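In the working numbering, the protein residues as written are 2 to 152. Think of the CB as a built atom: it goes at the ideal place given N, C-alpha and C, for glycine as much as any other residue. Predicted model only: the values in this text are computed from it and were never measured. Here is the structure we will look at, set down as structure tokens.
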Amino acid sequence: MRKIILTAIALSLPTLAVADAATDAVKARQDHMKSYGKQVGTFAAMAKGEVDYDPAAAQAAADALVELVNMDMSGFWIPGTSADDLPGVSYAKPDLWNNFEKAGGIGTELQKAAATMQEVAGNGQGEMAQALGGIGQQCQECHKAFQLKKD
Ligand code: HEC
């Protein structure tokens, strides 16, 4: 009996390890996305006039965003981590894994938009707000295609 139980535990271990790796990948990319959200929130608050435009704060957010969008994200989007695989954990549509090229293309556009922001963030509220528009477009495009709505 004891032996059977031990065997069962041993057999289930690899599955658990895989599940953990998958959940960790989802958490890592969700945290990464939240950091995007934090920087974008800084720009948005200044663009809307909710907080006074501050060139140094805008520049710091731009520098942080550029760093984030250029990080290696290959570990985030591993197979087996779609919303179908991990319901209630992942909100990434399975379609993403059939359209890596499209998703990557949007990621490249986001890198360009963030680079533009880095150039102009300190040049005044107007230029910063315009660059924010370019960034927001890429966030939206990818979410529309590949993010499942949380509700
Ligand atoms: C290449 C596609 C892509 C781009 C570009 C992208 N996102 Fe996402 N985002 C996703 C996907 C897919 C999810 C769902 C991830 C999950 O739940 O596994 C997501 C989730 C999120 C979340 C929710 C995170 C959570 O806590 O669950 C936020 C916030 C977010 N994105 C913000 C942004 C912002 C801001 C930008 C632009 C600066 C952006 N994203 C750009 C694909 C993208």
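Of the heavy atoms belonging to the ligand HEC, at least one sits nearer than 8 Å to the Cβ of K151.
Contact annotation: A130 and M74 have beta-carbon atoms that are not nearer than 9 Å. Scanning the region 28–74 for uninterrupted alpha helix (DSSP H) segments of 4 residues or longer gives 56–70, listed from N- to C-terminal end. Counting other Cβ atoms within 10 Å of its Cβ, M72 stays below 16 and is therefore classed as exposed. Counting only the Cα atoms, F147 lies some 29 Å from E128.
When the Cα atoms are used, D64 and Q119 turn out to be separated by approximately 6 Å. For A93, the three-state secondary structure derived from DSSP is strand.
Taking Q126 as the centre and dropping the five residues before and after it, the same chain places the C-beta of Y54 closer than 6 Å to its C-beta, in chain order.
In the DSSP assignment, Q148 is bridged to A93.
Of all alpha-carbon atoms in V52, F44 and G76, the one lying nearest the alpha-carbon of D25 is that of G76. Per the coordinates, the alpha-carbon of G42 lies some 13 Å from the alpha-carbon of Q60. The ligand HEC has a heavy atom closer than 8 Å to the beta-carbon of G108. With fewer than 16 other Cβ atoms inside 10 Å of its own Cβ, V52 counts as exposed.
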